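Enquirer: I'd like to ask some things about the structure below.
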Amino acid sequence: MRWITTMLVVLGCWALAQHSPAEAAEHLRAALSQAALELNFDPGAARNLLKEAEQAALLLEKQGLGFEQGAFARLEEQIAQKNPAGFAQLQARLWTDLLAQSYRRLEEALRKGNLEEARNWASLREYRPATPYAPPAYDATLALEELAQNKLNVQEALTAVQSDLLGAYQARLAQALEAAQQAQQQGHRVRLAEQIALAQGYFAILADAYRQQRGEAALAQAQQAFASGQPAAMLKVLEGFQAAPLSPRERAKRANQTLRFLQLVAVEYRRGVRGAEGEVRVTNELEIIEARSFLRSAQSAWKVLEPLLIKDQGAQVGLVNQRFAWLEQALYTHTPPTADRLSDEVDATVRLLSDMLPESWRRADPSGDLEVIRQQLRSLENAVAAGRYDLAETARLDAYAMLESGAEARLRAFNPQLALDLESLFWNGVNPPGLARLIRDKASPLEVRNTRRTLENKLNEAARILGRETSPTTIGINAAIIVFREGLEAVLIIAALLASFRRPENLHLRRPVWWGVGLALIASLLTWAAMWGTIQQFARFGERVEAVVSLLAIGVLLLILNWFYHKVYWTDRLADFHQHKQQAVQKTGWAAILGLVAVGFESIYREGFETVLFLQSLVLQGGFRDVLWGILVGLSTVILLGIAIFRFQIKLPQKKMLIFTGVLILMVLVVMVGQTAHVMQVVGWLPIHAFPLEIPFWLSSWFGLYATWEGIVLQVLSAGVVLGSYFWAERIKRNHLGRLKTA
Amino acid sequence: MKWPTLALLSLSLWLPTAQAQVESVKSYLIERVSQQKAATAQLAEAAGRYEAIVRNAGFQYTKLAQQHGPAIRNALRDARMAWIKASPIYESVEGIVAGVELLSDFDLNLDAGASGAEGGDAVVTFDLKLANGKVLPRPGNLFGVLEGSLWGSERAFSSGVAFDVDGDGRIGFGDHLPDALILRAAAEKLDAMTGELLATARTWKPTAQDVFRALAANVPTAAPVFIERWKTSRFVLGDKATRRDFNVISSLDDLINNITSWQQLYGGVAQLVQAKNPSLDRQIRDGLASLKTWVQRLAAQEKTRRFTPEQAEMILKEGDNRATAVTGKIVQAAVLLGIKVE
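Here the protein sequences line up with chains V and Y, keeping their order.
The first sequence maps to residues 1 to 743 in our numbering.
The second sequence maps to residues 1001 to 1342 in our numbering.
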């Protein structure tokens, strides 16, 4: 029996040893918490649980975390003395000390740029108390992911992590103090001891932030208040304290809100007034009310950013506040300004803010406006469920502002009816009733939910229309065509080069050519890595990078096709390689070998570079997984072809194959032009003029065909240029031959 | 076999399996709701039998009680047994039903919604039409109405006439004759709504996002909903309890069944999480399993121990800590997969 127990303990220890610090810490916390309860009923069971906690602590010590000397012995004493309050206090202290150590480790790892270690410590943490309407934040996890993808730098990631964790611990501190006050009122001695110790522990984590914001003396005073064990004194020193810095995401959100809301003030005001200077009259009071709402929301977002800018840009902050004050006065006065005057003032404020707000704060959220709108609508529904119609209205305006200043303009071009439907659902639609109407009438949560669901479906439709989702199959096929086409060229070039080394005395010259080919393949892989790394540096610019890379790829594709159809490309290239080869052969010794290596390298790397460029563009459109299978299919076919040519000396219809793949590449070009035009319209680099016919979704997804004049014209033009160029070249050739015959 | 072939093969094998896992949540839901439908059909049949007996007696409840007819006892026992069978089955899918937007209204009306009189932000959306033409507007969730009627814990749904339903020779908890019209209407409504739920569930196209959202919305309810109900139920307060529901089956048992449905839900995305971060996947699985074991232990202890109000508060807090820790990890896993749960 004893050996079974020993084995079980060993197995238990082994299982625990496989766990991360977060798992061991949770094991420790749960065991101590159960021991605290068992202490009242079964001290023996409490001791066993304490032993389990000690095992977990040993593992954490191996990970470098420390425990107060004799902590577990003191806990055991509390069990022996049947002192649940003392046990709860020690247990809370031990736990929050672990959290503090883990938080410090996380910060250190991040500062050192040790991402793996940072991830390890980021999971030993507590979260902001969760509710069904507000799940815990994920900013820290997202920041570490974005740091890994170079979308954030170390400082930005650190700010996001601090914002998430310090925010969580401050929320936990507030919760502990509230529970302590309740326990005090209810005479719950054990709970009071536990919650006070927790509050003290959480404050210790926030102490650095407190010191930075309020100075050493204030911190000493606060620590004294926490040491007193009086919840009221603790709450007093926390008044107005906000430990968490604003995360980059939050800053970007507030900065965009300030600008968007401000612009909408002018839009709504113009709809609500008529008349020249001195004769302005309000024609639609509702629009003025909306303009006021947008101004309040802009001010509210600005107030969050103001403290971050006041130190370095105090004068400009003052100017912005003056302009806000002017706008406020203008919207409430009995002698309103003209729409143009107010617009000028709004424009000037937006310009001033745009100059002040750092570029990184104004970058677009990659998840897109529509996702933000969806989130706002969920907040709206939650606010209505809580009976907070005022908050629901703010959420509605927030969502609408986001739609009107971004997606709606594009949607009006791509699908005007859908834009109208959305407008009606946001405002005063009748069937189903619009959100503005429902909130005004204080409708039931169920009615709001129904409209919200309809709106959500429409937004999904809008996302599909505005989205650039290219069919994964199309992306894979395009990748396969590109790899096959470029691979075929490479194989044919090598075959042509090696064919001239057929004589036994020249066979040894084939090897250096193959070395060059191998080096070119390695160089192509390195080019892929370097190019991908460079693109990742610019990942924060999202769709703009995709647009630039796609434009480059299109440029190269056009050149290739143009050359190809003129036959200059193929014949000149082969002649060029043969010339290089002859020069290399004429040399002797190492010079000849190096020359042949260079010929092999040059002939293949050129194809490799083009392939890398095209594939990068496809990866940006879809994703690596979609492109990967295309690469594998294309590569397998090329390898089979290579084996057929080199091993079995099979003769292929080279010209026909090149023409066939050339036609396929032309199709790839047309799809790529359509997708790129669409991306450029999405980022606002290309104007949008709606095409009168509706184009089904599958045509957009498969062929990059979207219902705008610009996209369709560019696709037709690109195909026209290549084909026109082909026929033009053919005509010149026929004329030339004709002249020769006549002569 | 060379690595490109292997990569291609594993990719093609992995993608359909991941989707199949999410689909498994739907299969589980349909299987359980089908079982629930069988139980609610039995409940409706037994309630109909009871109503027919009461109707034949001219709705003279006092007379019926005096007759001590075995037919009455049998009908009510069958109805209670069917309720006791159906309710935990529903609890074992409640996490899915409540969390998936397409289905969430069913949860409101079946198990979670308050009555119009109670008000608040989650009132049921149906009225109960009785056979005599009377309408009970927004009476509360159907399982609650039926519990209140079958065990007499809600005076408005009972005839008010004492009757030894369990046949133990004394009038104890729940020994009242239900209002036959309400019992029948509610049982039929429950059966019909379960059928509708089943039909709607069949149209559901589950996605990983559905699963994460459902989990993030449901797991945090462990303490404020289930343990809070338990804390104020007769399982803790005994006869001092004033709750009219959750007195037949302990709310801890409901929580255990709910955690089973959360585990099932998580099973739908576990493979995706494991591929991204095996440690996080393990922490979520362990977190849910350990939450369940902890509640099971409490459920066993409540039979032999009487917790003080202070201990009950500390248990509630511990439940909240555990549920928040798991929810936090679920949300992190979602974001690693590019799904933002907000």
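Just so it is clear, CB atoms sit at the ideal spot from N, CA and C, and this is done for glycine as well.
The model shown is predicted, which means the values in this text are computed figures rather than measured ones.
For Y/N1141 and Y/A1098, which I take to be in contact (beta-carbon distance under 8 Å), what is that distance rounded to the nearest angstrom?
Expert: With a Cβ gap of about 12 Å, Y/N1141 and Y/A1098 do not count as contacting.
Enquirer: Can you give me the Cβ contacts of Y/G1287 inside the same chain, cut-off strictly under 8 Å, excluding the 5 residues immediately before and after it?
Expert: R1322, A1325, V1326 and K1329
Enquirer: So, does the segment 190-197 of chain V touch the segment 89-96 of chain V, judging by three or more C-beta pairs under 8 Å?
Expert: yes
Enquirer: What residues from chain Y crowd round V/R191, counting only those whose CB sits closer than 7 Å?
Expert: E1310, E1313 and M1314
Enquirer: Have a look at V/H736, V/P136 and V/L488 and flag the residue whose alpha-carbon is nearest the alpha-carbon of Y/F1334.
Expert: Residue identity check: residue 1334 of chain Y is Ala in the sequence provided, not Phe. Here the closest residue by C-alpha is V/P136.
Enquirer: Quick check: is any heavy atom of the ligand MG less than 7 Å from the C-beta of V/I732?
Expert: The ligand content of the structure shown is nil, which means the ligand MG is not present either.
Enquirer: Express the C-alpha separation of V/T527 and V/I475 in angstroms, rounding to a whole number.
Expert: 21 Å
Enquirer: Over the uninterrupted beta strand (DSSP E) stretch that includes V/S636, give me the two end residues.
Expert: Looking at the DSSP string, V/S636 is not in any beta strand (DSSP E); the run it does join, the alpha helix (DSSP H), is F624 to G642.
Enquirer: Return the CA-CA distance between Y/A1208 and V/G720, expressed in angstroms with no decimal places.
Expert: 44 Å
Enquirer: According to DSSP, is Y/G1160 part of a helix, a strand, or is it coil?
Expert: strand
Enquirer: So for Y/A1057, helix, strand or coil by DSSP?
Expert: coil
Enquirer: Here's a check: name, in chain order, each residue in its chain whose Cβ is nearer than 6 Å to the Cβ of V/D208, leaving out the five neighbours to either side.
Expert: none
Enquirer: In its own chain, which residues sit with a C-beta less than 8 Å from the C-beta of Y/K1340, not counting the 5 before and 5 after it?
Expert: A1334
Enquirer: Please report whether the beta-carbon of V/E61 lies at a distance below 8 Å from any beta-carbon of chain Y.
Expert: no
Enquirer: Please classify Y/P1088: does DSSP put it in a helix, a strand, or coil?
Expert: Reduced to three states, the DSSP call for Y/P1088 is helix.
Enquirer: In chain V, what lies closer than 9 Å to Y/P1137 by C-beta?
Expert: Residues of chain V passing the Cβ test: none, with the nearest at roughly 13 Å.
Enquirer: Count the other CB atoms within 10 Å of the CB of V/A73; is the residue buried (16 or more) or exposed (fewer)?
Expert: exposed
Enquirer: Which residues mark the beginning and the end of the beta strand (DSSP E) in which Y/H1176 is found?
Expert: Residue range H1176 to P1178 is occupied by the beta strand (DSSP E) that includes Y/H1176.
Enquirer: Distance check for Y/L1108 and V/A24, CA to CA, integer angstroms please.
Expert: 39 Å
Enquirer: So which of V/R214, V/L435, V/E216 and V/M234 has the shortest CA-CA distance to V/F203?
Expert: V/M234
Enquirer: For chain V, check one thing: does any of its Cβ atoms lie closer than 8 Å to the Cβ of Y/S1290?
Expert: yes
Enquirer: Comparing the C-beta of V/H188 with each C-beta of chain Y, is any distance below 8 Å?
Expert: Closer than 8 Å to some Cβ of chain Y, the Cβ of V/H188 qualifies, so yes.
Enquirer: Output, in chain order, the set of chain V residues within a Cβ distance shorter than 7 Å of Y/S1279.
Expert: Listed along chain V, the residues sitting closer than 7 Å to Y/S1279 by beta-carbon distance are S20.
Enquirer: Is the CB of Y/E1045 under 8 Å away from at least one CB in chain V?
Expert: No, Y/E1045 lies away from the interface with chain V (no Cβ there is under 8 Å from its Cβ).
Enquirer: Check each candidate in V/N460, V/A677, V/L596 and V/A644 and name the one with the smallest Cα separation from V/V513.
Expert: V/L596
Enquirer: Can you have a look at V/Y332 and say buried or exposed, based on whether 16 or more other CB atoms are within 10 angstroms of its CB?
Expert: exposed
Enquirer: Quick check: the Cα distance between V/V517 and V/I493, rounded to an integer number of angstroms?
Expert: 11 Å
Enquirer: So is Y/L1336 in contact with chain V if we call contact Cβ pairs under 8 Å?
Expert: True, the Cβ-Cβ gap to chain V drops below 8 Å.
Enquirer: Assign V/V282 to one of three DSSP states: helix, strand, or coil.
Expert: If DSSP states are grouped into helix, strand and coil, V/V282 belongs with the strands.
Enquirer: So V/T447 packs on V/L377, CB below 8 Å; how close in whole Å?
Expert: Note on residue identity: the sequence assigns Glu, not Thr, to residue 447 of chain V. For a cut-off of 8 Å, the C-beta gap from V/E447 to V/L377 is around 14 Å, too long to register as a contact.
Enquirer: Using a cut-off of 9 Å between C-beta atoms, extract the partners of Y/P1206 located in chain V.
Expert: For Y/P1206, there are no neighbours in chain V by C-beta distance under 9 Å, as the nearest C-beta there is about 16 Å away.
Enquirer: In chain V, what lies closer than 8 Å to Y/A1325 by C-beta?
Expert: E26, E126 and Y127
Enquirer: For V/A325 and V/A298, what's the separation of their Cα atoms in angstroms?
Expert: 12 Å
Enquirer: Taking only beta-carbon atoms, is V/L142 less than 8 Å away from chain Y?
Expert: yes
Enquirer: Counting only Cβ pairs nearer than 8 Å, list the residues of chain V close to Y/E1091.
Expert: None at all; the shortest Cβ gap to chain V is about 17 Å.
Enquirer: Quick one: residues in its chain with C-beta nearer than 6 Å to the C-beta of V/A31, no 5 flanking neighbours on either side, listed in chain order?
Expert: L49, E52 and A53
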